[in-house]
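Report on the structure given below.
Protein chains: 2
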Amino acid sequence: MRFEPVATVRAYERVVQQIEEAVFSGTLKAGERLPSERELMTQFAVSRSTIREALRVLQAAGLIRSKPGDPRGPEVLAASPAALHKSMHRLTRADHLSLAELLQFRMALDGSAHLLAAKLRTEEHLAELEAALAAMHAGTSLGYAEFSRADVAFHEAIARAAGNPLLVVCLEVVRGVVLEQIEERLSHAGDQDALMRTWLAHHGEVLQAIRDADGELAARLARRALYDNYAEYVPECERVLLHPLLDI
Amino acid sequence: MRFEPVATVRAYERVVQQIEEAVFSGTLKAGERLPSERELMTQFAVSRSTIREALRVLQAAGLIRSKPGDPRGPEVLAASPAALHKSMHRLTRADHLSLAELLQFRMALDGSAHLLAAKLRTEEHLAELEAALAAMHAGTSLGYAEFSRADVAFHEAIARAAGNPLLVVCLEVVRGVVLEQIEERLSHAGDQDALMRTWLAHHGEVLQAIRDADGELAARLARRALYDNYAEYVPECERVLLHPLLDI
DNA sequence: GACGGTATGCTGGTCGGACCAGTAACCCAG
DNA sequence: CTGGGTTACTGGTCCGACCAGCATACCGTC
Chain A
1 MRFEPVATVR AYERVVQQIE EAVFSGTLKA GERLPSEREL MTQFAVSRST IREALRVLQA
61 AGLIRSKPGD PRGPEVLAAS PAALHKSMHR LTRADHLSLA ELLQFRMALD GSAHLLAAKL
121 RTEEHLAELE AALAAMHAGT SLGYAEFSRA DVAFHEAIAR AAGNPLLVVC LEVVRGVVLE
181 QIEERLSHAG DQDALMRTWL AHHGEVLQAI RDADGELAAR LARRALYDNY AEYVPECERV
241 LLHPLLDI
Chain B
249 MRFEPVATVR AYERVVQQIE EAVFSGTLKA GERLPSEREL MTQFAVSRST IREALRVLQA
309 AGLIRSKPGD PRGPEVLAAS PAALHKSMHR LTRADHLSLA ELLQFRMALD GSAHLLAAKL
369 RTEEHLAELE AALAAMHAGT SLGYAEFSRA DVAFHEAIAR AAGNPLLVVC LEVVRGVVLE
429 QIEERLSHAG DQDALMRTWL AHHGEVLQAI RDADGELAAR LARRALYDNY AEYVPECERV
489 LLHPLLDI
């Protein structure tokens, strides 16, 4: 005979569980309101501090949002990958990952994203991609900041065409972290004009491959572009980690 | 001239930010202790309620853990994918992540992991993989639970051979979430014996490919195995999402 | 001197009450 | 019908209190 370990469940945790369950089961839909803290306090028969700690947890998880002074109470939010984004971001920051590992991960994911985008894209996606590319063209004359914004839009359009929200979130996060690591070195890069032209040419090739539904080519182009542009910031001895992703 | 939107930052949020920053920057390492709530309250010059709400948020994010009565104060935790797992789990429950998308993501990641493992593996990794496979062999006669444990060990060994911690974490998380979604249907599956034999054969092939440093083959085998074993749980109309990852 | 139990001072968890700035809805004057 | 002020209640923050639980230092026993 075996005994179960006794788990002391905090009061606020039980409040979290109940509200969470109500949200997931659909009893509480997005946009609806929770009772006020003082009302919840009587319903759960706990103090306001306990209620507030529970609400903080739910808020951190992205399930609710509360605005001071609003007589309608805390709002139930629609499910969004924001919380996923945040925990992913925390993990990448806390893990002290090397740039090589981040790039390796990004090359793997970006390759898959481009492959899927090429195979699954619709006409709407193609139109969106073309619009993003045109915006990048226009952005070249408006300075690097504007160009960079358009570049992000292009990447997001690819991720959307791939159609996988997990892929989108992970790519977005790791992209941000990579940029964080090299941005100071990047701003020192001399010829921003040449940089913009390089990216523009690459995105043009990628778009053509996606239009042709040539997933393998799009994936290879994407991985190669990441390597060509970022490998210089990776210590030489670690670059070998990236090579297996280039040969395929 | 443009004005910035004024963001009212709550007191507890600033506490969270400061502690978070200390953890990420390495000032606070895993295993170390935070000052007690009453001490933090004087350091941050806020009330204990505010401190507690901040600690709740950090705890929900998996950065700290506090045990009642411990005079050493709240403990700083090592980075763990638990929070990532939870937010992904929540998203799947809220129906924003279908099994097809999870599998698609897992096929992409697992393929890359196998590719990297085949290209970067050392002799130690090979030995570890062989040991894991032997454990699976032994596990077949000890029931499905034991076999499953050995199976996980094999997957982890592959991820370790690939050498990318982000890949490891993401695979681990998405693997868990996939199993959650199908476990009730899985336990009803009749012939567990045949299932175990199938996996055993597949892992043998994969190991051979990795030994031969044939990354493309290992990746293809991994993606194919995932599809063969899990696609039946995906609604037919969504299976097309997985096909582009099989053709490469 | 080595050991086991106890006392102590702290911890986190919970409670209740209080005040403030802010919001949304309502109502009334125009 | 509109606009502006009133009002009731919201969430954010603070304070003080009590409890059970943990580590440690202390102390008496052997």
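Order-wise, the sequence lines are chains A and B.
In terms of my numbering, the first sequence has 43 at position 43, counting the first letter as 1, and numbering is strictly consecutive.
Just so we're on the same page, my numbering is the position in the second sequence counted from 1, plus 248.
Quick reminder that beta carbons are idealized off the backbone N, C-alpha and C, glycines included.
Quiz item: Of the residues Gln59/A, Arg52/A, Ala94/A, Glu39/A, which one's Cα is nearest the Cα of His72/A?
Solution: In the sequence on display, residue 72/A carries Arg and not His. Out of Gln59/A, Arg52/A, Ala94/A, Glu39/A, Glu39/A has the C-alpha closest to the C-alpha of Arg72/A.
Quiz item: Can you round the beta-carbon distance between Ala365/B and Ile458/B to whole angstroms, since I take them to be within the 8 Å contact cut?
Solution: 6 Å
Quiz item: Which whole-angstrom value describes the C-beta separation of Met444/B and Thr388/B, a residue pair presumed to lie in contact below a C-beta threshold of 8 Å?
Solution: 5 Å
Exercise. Could you pull out every unbroken alpha helix (DSSP H) segment of at least 4 residues lying fully inside the region 316–346 of chain B, listed in chain order?
Key: 330–341
Quiz item: DSSP on Arg33/A, reduced to helix/strand/coil?
Solution: strand
Practice problem: Starting from Pro329/B, find everything on chain A with Cβ-Cβ shorter than 7 Å and list it in chain order. | Solution: Leu91
Quiz item: Hey, out of Ile312/B, Glu285/B, Gln307/B, whose CA is closest to Ser299/B's CA?
Solution: Here the sequence assigns Ile to residue 299/B, which means Ser is not the residue at that position. Selected option, being the one with the closest Cα: Glu285/B.
Self-check item: Cβ neighbour criterion (16 or more within 10 Å) applied to Gly143/A
Solution: exposed
Exercise. Could you check how far apart the C-beta atoms of Pro165/A and Pro81/A are, in whole angstroms? I think they sit under 8 Å.
Key: 6 Å
Quiz item: Met336/B versus chain A: which residues are under 7 Å apart at the beta carbon?
Solution: Leu84
Quiz item: Any beta-carbon of chain A closer than 8 Å to the one on Cys485/B?
Solution: no
Practice problem: List the endpoints of the continuous alpha helix (DSSP H) containing Gly463/B. | Solution: 463–478
Quiz prompt | Chain-ordered residues of the region 97–108 of chain A with a beta carbon less than 8 Å from chain B | solution = Leu97, Glu101, Leu102, Gln104, Phe105, Ala108
Quiz prompt | Through-space distance from Ser346/B to Leu245/A, alpha-carbon basis | solution = 28 Å
Quiz item: Considering Gly310/B, what are the terminal residues of the alpha helix (DSSP H) in which it resides?
Solution: Counting along the chain, Gly310/B falls outside any alpha helix (DSSP H), and DSSP gives it neither H nor E.
Quiz prompt | Close beta carbons around Leu77/A, own chain, < 7 Å, minus the five adjacent residues each side | solution = Ala30, Gly62, Leu63, Ile64, Arg65
Practice problem: Kindly say whether Val254/B, judged by its beta-carbon, lies nearer than 8 Å to any beta-carbon of chain A. | Solution: no
Self-check item: Neighbour flag for Val135/A against chain B, beta carbons, 8 Å
Solution: The sequence given here has Ala at residue 135/A, not Val. Ala135/A does not count as touching chain B.
Practice problem: Give a yes or no on whether the C-beta atoms belonging to Val263/B and Thr340/B are separated by under 8 Å. | Solution: no
Quiz item: Relative to the alpha-carbon of Arg304/B, which residue among Tyr12/A, Ile182/A, His114/A has its alpha-carbon at the smallest distance?
Solution: Tyr12/A
Quiz prompt | Beta-carbon proximity check, Met384/B vs Leu332/B, cutoff 8 Å | solution = no
Practice problem: Specify, as a first and last residue, the run of the alpha helix (DSSP H) that Phe24/A falls within. | Solution: 11–24
Quiz item: With a Cβ-Cβ cutoff of 8 Å, do Val271/B and Ala60/A count as a contact?
Solution: no
Exercise. Classify Gly26/A as buried or exposed, calling it buried when 16 or more other Cβ atoms lie within 10 Å of its own Cβ.
Key: exposed
Quiz item: If you draw a straight line from the alpha carbon of Asp399/B to that of His450/B, how long is it in whole angstroms?
Solution: 11 Å
Quiz prompt | CB contact check: Ala94/A to chain B, cutoff 8 Å | solution = yes
Exercise. Verify the CB distance criterion: does Arg220/A have a CB-CB separation below 8 Å to chain B?
Key: no
Quiz item: Considering only C-alpha positions, which residue in the set Glu146/A, Leu58/A, Pro74/A is nearest to Glu32/A?
Solution: Pro74/A
Quiz prompt | Beta-carbon gap between Leu419/B and Ala409/B smaller than 8 Å | solution = no
Quiz prompt | Alpha-carbon spacing of Ala302/B relative to Ser335/B, whole angstroms | solution = 19 Å
Quiz item: Since Gly391/B is in the alpha helix (DSSP H), which residue starts that stretch and which ends it?
Solution: It is not in any alpha helix (DSSP H) - Gly391/B carries neither H nor E in the DSSP assignment.
Quiz prompt | Glu238/A, enclosing alpha helix (DSSP H) - first and last residue | solution = Note, Glu238/A: premise wrong, no alpha helix (DSSP H); not H, not E.
Quiz item: Under a CB-based cut-off of 8 Å, is Pro244/A close to chain B?
Solution: yes
Quiz item: Could you give the distance in angstroms between the alpha-carbon of Ala108/A and the alpha-carbon of Arg10/A?
Solution: 42 Å
Quiz prompt | Extent of the continuous alpha helix (DSSP H) run through Glu123/A | solution = 123–139
Quiz item: For Ala145/A and chain B, any beta-carbon pair shorter than 8 Å?
Solution: no
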